[in-house]
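Undergrad:
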Amino acid sequence: MSKNMLDGGQVIVDYLVREKVPYVFGLCGHGNIGFLDALYERSDDIKTVSVHHESVAGFMADVYYRVGGKPTATFTSCGPGSANLPIALANSYLDSVPFLAVTGNVPTSQFNRGAFQELYRHYQADFPSTVRAYCKRVFQPTRGDMVPLAVRQAWKTMVTGRPGPVVLDVPFDIFKEAAAEETPKPEEWNANISCRCGADPEGVAKAVDMLLAAKRPVILVGQGVKYGGAAADLLRLAERLRIPVAWSASGTGAIDSRHPLALGLVARNGPYQANHAARTADVLLALGVRFDDRTSSSWLPGYSFTIPPTRLIHVDIDPDEIARNYPVALGLMADVRTFLHQVLAELDSRDGLADAAVSRAKWLDTIEGYRREWNAFIAPGFVDDASPIHPQRAAHEIDKVLPEDAILVSDIGVHHNWLIQFCNPRRPDSLIGSMGFGPMGFGVAGVLGAQFAAPERPCVSVCGDGAFFMHASVLGTAVEYDLPVIWVVWNNFAYASIRGLQRGYLGGRELATDFRHPETGAPYNPDFAAMARSAGIAGVNVDRAADLSEALRAALASRRPYLINANIGADKNPGGAGVWELPGLGQSQPAFGGRYQP
Ligand SMILES: Cc1ncc(C[n+]2csc(CCOP(=O)(O)OP(=O)(O)O)c2C)c(N)n1
Ligand SMILES: [Mg+2]
């Protein structure tokens with residue numbers, strides 16, 4: 029190789045440095061030692077973080093972006109190493125979060141020979157087929173000189189339009205093969221591309237007409253508002269027209285949940301004022317939200333939405349999501365922030381705005397009535413002092429203790445349902461969860477990525493006992509990288525969300541959903557607090573609500589990694605004003621209110 033040539037690995041790493049990627053997260057294998065060698069050379073410019081399970085790396089890259097707003101990269105080896113990654117790819121793909129997955133593969137000279145760890149029975153070096161449904165695109169350069177094109181195109185695909193993870197699959201030899209004298213420059217290829225497209229101007233005028241004429245308007249926000257950086261403009265519009273704002277679980281935090289116009293979560297377990305306002309609205313402005321089954325009460329009319337007669341204005345960067353599940357009175361493909369700028373500018377040219385805002389008083393008063401009814405309904409759960417801890421009380425105590433700048437990363441399970449219902453996030457990144465793919469481990473591992481992105485902020489994972497045990501290797505990573513993360517293990521001695529379904533839909537025929545000691549039949553789990561201590565991390569057990577808040581305060585004050593094993597009741601599910609249907613098995617009943625039939 030001539031002296032001035034960079035090899036494939038060096039080009040990728042140099043490109044990442046040029047894109048100002050601060051960290052790569054991953055796990056070694058023979059398939060990526062060429063890449064690690066390139067990272068070694070540039071260790072002053074980009075930090076390599078080694079984890080103990082590949083999916084942990086993917087979840088870290090995911091949450092790093094959700095907090096820091098910058099994509100990072102992962103590295104995994106050929107064969108099994110990269111086969112541990114798809115769960116994280118799919119999670120990011122369905123939640124539209126970008127990261128670049130650099131996966132190793134077998135040497136090109138060995139393609140189709142069945143070399144160690146080659147997937148070859150359908151097609152040579154076939155990792156791309158494995159992840160085809162799991163990411164936005166796969167690139168597989170098979171010569172060194174293909175790397176520059178592949179890396180810049182991979183990056184562009186990842187960040188433009190609707191973002192998502194992209195795989196750069198690199199055969200072993202290509203990391204070390206001559207690739208180019210120079211790396212592509214982001215400022216020539218990617219840095220100057222804007223996808224902040226506006227909506228068709230006539231559509232903007234029509235949207236404003238509809239909003240000004242509405243008697244019972246509601247704005248519904250999803251994560252497009254959060255990750256599109258549109259929270260400030262959302263607030264401007266909501267306040268200017270005095271329109272209440274509800275959110276999907278992924279949109280949680282797009283508006284301060286204590287704002288008077290904040291309605292809450294629309295979902296099976298969403299509060300009455302949010303579901304009832306959304307389902308009785310005459311005009312619903314949906315921003316960067318995709319109307320999944322959990323947001324929509326499984327699309328059963330009259331629980332979360334009644335579209336029609338509600339007239340839906342649906343704005344999204346991805347036209348595939350518009351009119352996927354509901355008919356639209358007006359569908360607009362646009363970046364949400366640009367759309368909001370357009371609407372605010374259009375409002376400047378309109379008369380009668382004050383009248384529209386004043387005429388809202390009746391609607392907002394009505395909603396306040398719903399809110400009071402709901403608050404009275406849920407009040408007892410906040411003061412319940414039982415042991416095991418009442419889950420509503422647990423969510424409430426955690427919410428009360430966390431400071432405003434804390435980042436809470438939830439895992440998947442019944443604890444997540446409690447948290448999204450009873451936490452009151454103030455900022456777009458106060459409460460992070462996975463709503464598309466929902467892989468257990470997301471919160472257990474993702475909190476490490478949050479802490480890398482926000483070293484000064486308290487980062488707390490609330491995770492199920494099932495998920496924590498699945499990914500307990502994170503304890504070691506927190507120690508190795510000195511990350512003061514806190515895990516609150518919501519220990520209910522079960523895969524409780526699934527056991528709840530057996531109880532609710534299958535007459536209590538429970539199998540394979542709880543953890544028991546073989547001799548006593550008593551609930552069993554390893555001692556998670558002792559596990560933490562064995563890793564060199566503070567670990568405590570709590571059984572009472574007041575001890576939970578005390579322990580969390582101590583953990584926050586310590587600024588060291590900490591595990592709180594909280595014994596939390598498993599027998600309750602968070603009810604709300606919506607429902608969820610498991611087709612063939614039936615649908616749940618709303619815990620409050622009924623179905624709205626106009
Ligand atoms: C990797 C993975 N496996 C299985 C599931 C299906 N699943 C969803 S929630 C859940 C139970 C999780 O148990 P735990 O972590 O203890 O949380 P809990 O529901 O008890 O709060 C399971 C098995 C999943 N989402 N992800
Ligand atoms: Mg559990």
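Just so you know, we're using the working numbering here: the sequence shown kicks off at 29 and counts up by one.
Each residue gets a CB set at the ideal place from its N, CA and C atoms; glycine is no exception.
1) Quick one: what does DSSP say residue 625 is sitting in, helix, strand or coil?
2) Can we count residue 439 as close to ligand 2, meaning its CB is less than 6 Å from some heavy atom?
3) Counting Cβ pairs, one atom from each stretch, are 3 or more of them under 8 Å apart for the stretch 337-345 and the stretch 275-294?
4) Between the stretch 477-491 and the stretch 553-569, do three or more beta carbon pairs fall short of 8 Å?
5) Would the stretch 597-606 and the stretch 292-302 be scored as touching if the rule is three or more Cβ pairs under 8 Å?
6) Compute every distance between the C-beta of residue 443 and the non-hydrogen atoms of ligand 1, then say whether any falls below 6 Å.
7) Between 420, 122 and 470, which has its C-alpha nearest residue 450's C-alpha?
8) If you follow the beta strand (DSSP E) that residue 492 is part of, which residue opens it and which one closes it?
9) Tell me, to the nearest whole angstrom, how far the beta carbon of residue 111 is from that of residue 86; I am working on the premise that it is less than 8 Å.
10) Looking at residue 592: is its Cβ nearer than 7 Å to the Cβ of residue 417?
11) Any heavy atom of ligand 1 closer than 6 Å to the CB of residue 495?
12) Counting Cβ pairs closer than 8 Å, one from the stretch 231-241 and one from the stretch 198-216, do we hit at least three?
13) How close, in whole Å, do the beta carbons of residue 325 and residue 608 come, if the pair is a contact with beta carbons under 8 Å?
14) Alpha carbon to alpha carbon, how far is residue 391 from residue 402? Give it in angstroms, no decimals.
15) Mark residue 218 as exposed unless 16 or more other C-beta atoms lie within 10 angstroms of its C-beta, in which case mark it buried.
16) If I measure Cβ to Cβ from residue 90 and keep anything under 7 Å in the same chain, skipping five residues before and after, which residues do I get?
17) Confirm the yes/no value for this check: CB of residue 492, any heavy atom of ligand 2, distance under 6 Å.
18) So what does DSSP say about residue 619, is it helix, strand or coil?
19) Can you name, in chain order, every residue of its own chain whose Cβ lies under 6 Å from the Cβ of residue 191, other than the five neighbours on each side?
20) Using 8 Å for Cβ pairs, my map puts residue 575 next to residue 492. What's the rounded Cβ distance?
21) How many Å lie between residue 161 and residue 155 at the Cα?
22) Since residue 377 is in the alpha helix (DSSP H), which residue starts that stretch and which ends it?
23) Which runs of the alpha helix (DSSP H) spanning at least 4 residues fall entirely within the stretch 362-444, listed in chain order?
24) Within the stretch 110-141, note down every full beta strand (DSSP E) run reaching 3 residues or more, in order along the chain.
25) Grab me the residues of residue 433's own chain with a C-beta within less than 6 Å of its C-beta, minus the 5 sequence neighbours each way, in chain order.
26) Which first and last residues belong to the alpha helix (DSSP H) in which residue 304 is found?
27) Which value, in whole angstroms, describes the spacing of the CA atoms of residue 153 and residue 61?
28) Can you tell me the Cα-Cα spacing of residue 50 and residue 470, whole angstroms?
TA: On the basis of the coordinates in this document:
1) For the purposes of this step, residue 625 is taken as the residue at position 597 of the sequence shown. Looking at residue 625 - three-state DSSP - the assignment turns out to be coil, as it is neither helix nor strand.
2) Residue numbering aside, residue 439 sits at position 411 when the sequence shown is read from its first letter. Not so, every heavy atom of ligand 2 lies at least 6 Å from the Cβ.
3) No, the stretch 337-345 does not touch the stretch 275-294.
4) By the C-beta criterion, the stretch 477-491 is judged not to be in contact with the stretch 553-569, since fewer than 3 inter-stretch pairs fall below 8 Å.
5) Touching, per the Cβ criterion.
6) Within the sequence shown, the letter at position 415 stands for residue 443. Taken from the Cβ of residue 443, at least one heavy atom of ligand 1 lies inside 6 Å.
7) As a position in the sequence shown, residue 450 is number 422, starting the count at 1. Scanning 420, 122 and 470 for the CA closest to the CA of residue 450 turns up 420.
8) Against the sequence shown, residue 492 aligns to sequence position 464. Unbroken beta strand (DSSP E) run through residue 492: 487-492.
9) Start at 1 with the first residue of the sequence shown, and residue 111 comes out as number 83. Start at 1 with the first residue of the sequence shown, and residue 86 comes out as number 58. The C-beta distance from residue 111 to residue 86 rounds to 12 Å, too long to meet the 8 Å contact threshold.
10) Counting from 1 along the sequence shown, the entry for residue 592 is found at position 564. Counting from 1 along the sequence shown, the entry for residue 417 is found at position 389. When the beta-carbon positions are compared, residue 592 and residue 417 stay at least 7 Å from each other.
11) Position 467 of the sequence shown, counting from 1, holds the residue named residue 495. For ligand 1, at least one heavy atom lies less than 6 Å from the Cβ of residue 495.
12) Here the stretch 231-241 makes no contact with the stretch 198-216; the two share fewer than three CB pairs at distances below 8 Å.
13) By one-based count along the sequence shown, residue 325 stands at place 297. By one-based count along the sequence shown, residue 608 stands at place 580. With a beta-carbon spacing of about 7 Å, residue 325 and residue 608 fall inside the 8 Å limit used to define contacts.
14) The residue labelled residue 402 in the question sits at position 374 within the sequence shown. The residue labelled residue 391 in the question sits at position 363 within the sequence shown. Computed Cα separation, rounded: 17 Å.
15) Residue mapping note: residue 218 aligns to position 190 of the sequence shown, counting from 1. By the neighbour-count rule (16 or more Cβ atoms within 10 Å), residue 218 is buried.
16) The count along the sequence shown starts at 1 and reaches residue 90 at position 62. Within its own chain, the residues whose Cβ lies closer than 7 Å to the Cβ of residue 90, once the five positions on either side in sequence are excluded, are 116, 119, 120, 125, 127, 474 and 477, listed in chain order.
17) Taking the first residue of the sequence shown as position 1, residue 492 is located at position 464. Checking every heavy atom of ligand 2 against the Cβ of residue 492, one is found closer than 6 Å.
18) Sequence index remark: in the sequence shown, residue 619 carries index 591 (1-based). The answer is coil: DSSP assigns residue 619 none of H, G, I, E or B.
19) Locating residue 191 in the sequence shown gives position 163, where the first residue counts as 1. Within the same chain, Cβ atoms closer than 6 Å to the Cβ of residue 191 are found at 124 and 126, the five residues on either side in sequence being excluded.
20) Against the sequence shown, residue 575 aligns to sequence position 547. Against the sequence shown, residue 492 aligns to sequence position 464. Actually they do not touch by this definition, with Cβ atoms about 20 Å apart.
21) What you label residue 161 is simply residue 133 of the sequence shown in a count that begins at 1. What you label residue 155 is simply residue 127 of the sequence shown in a count that begins at 1. The alpha-carbon atoms of residue 161 and residue 155 are separated by roughly 12 Å.
22) Within the sequence shown, numbered from 1, the residue matching residue 377 stands at position 349. Where residue 377 is concerned, there is no enclosing alpha helix (DSSP H), because DSSP gives it neither an H nor an E.
23) Segments of the alpha helix (DSSP H) lying fully in the stretch 362-444: 364-376, 381-386, 389-411 and 419-429.
24) Correct list: 128-133.
25) Here residue 433 refers to the residue found at position 405 when the sequence shown is read from its first residue. Taken in chain order, the residues that qualify are 485.
26) Taking the first residue of the sequence shown as 1, we reach residue 304 at position 276. Residue range 300-308 is occupied by the alpha helix (DSSP H) that includes residue 304.
27) Position 125 of the sequence shown, counting from 1, holds the residue named residue 153. Position 33 of the sequence shown, counting from 1, holds the residue named residue 61. About 18 Å.
28) Numbered from 1 along the sequence shown, position 22 holds the residue referred to as residue 50. Numbered from 1 along the sequence shown, position 442 holds the residue referred to as residue 470. Going by the C-alpha atoms only, they are around 21 Å apart.
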